[in-house]
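Each remark here refers to the structure printed beneath this line.
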Amino acid sequence: RTYSINIDKELDYAQCLMFLNIYARLIGFTKFLPYEYCVVDEGQDFSLLEYMILGKLVTHGRISIFGDLNQAIEGDGIKSWGELSEVITEAKNAQVFTLDTNYRS
């Protein structure tokens, strides 16, 4: 109720993500075999809530995220790569690599 989620009606995308996050924290995904690894392209367009759910679905938060914050098209996308360590708490460590040369032909 605090998050305005009415489970008697069809949930919109944001409400579904919030429901999954609450469910994962309270009950967990006990009958779900987590993915071993995940690759995210255009990672700047994912929201923190989406990353929070991904962290619960991938073993130890093993996620490779590729993106350019200067090319974001979604308003609710992340503002800084540093924000990810706050929501993907399952990861034991994180590394950021910056490409300063364009290799596209």
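So for the sequence shown, the numbering used here puts the first residue at 10; every next one is plus one.
Each residue gets a CB set at the ideal place from its N, CA and C atoms; glycine is no exception.
Measuring only between beta-carbons, confirm whether residue i sits less than 9 Å from chain D.
i	result
residue 111	In the displayed structure, chain D is absent; only one protein chain is listed.
Can you tell which of the options has the C-alpha that lies nearest to the C-alpha of residue i?
i	options	result
residue 41	24, 65, 91	65
residue 55	82, 98, 107	82
residue 90	57, 70, 32, 19	57
residue 68	107, 99, 25, 27	99
residue 45	33, 60, 70, 39	70
residue 47	97, 38, 36	97
residue 59	17, 24, 112, 18	24
Closer than 7 Å by C-beta to residue i: which residues in its own chain qualify, once you throw out the five before and the five after it? Chain order, please.
i	result
residue 76	51, 52, 53
residue 101	69
Alpha carbon to alpha carbon, what distance is there between residue j and residue i?
i	j	result
residue 74	residue 95	15 Å
residue 72	residue 15	31 Å
residue 20	residue 26	9 Å
residue 103	residue 18	39 Å
residue 107	residue 80	15 Å
If contacts are defined as beta-carbon pairs under 8 Å, then residue i and residue j qualify, I think. What distance do you get, rounded to the angstrom?
i	j	result
residue 62	residue 93	At roughly 13 Å, the Cβ-Cβ gap does not stay under 8 Å, so residue 62 and residue 93 are not in contact.
Can you find the residues in the same chain that come closer than 6 Å, C-beta to C-beta, to residue i, ignoring five residues on each side of it along the sequence?
i	result
residue 78	53
To which residues of the same chain is residue i closer than 8 Å at the C-beta, ignoring the five residues directly before and after it?
i	result
residue 109	none
Problem - Whole beta strand (DSSP E) elements within the segment 15-90, 3-residue minimum - result: 47-49, 72-74
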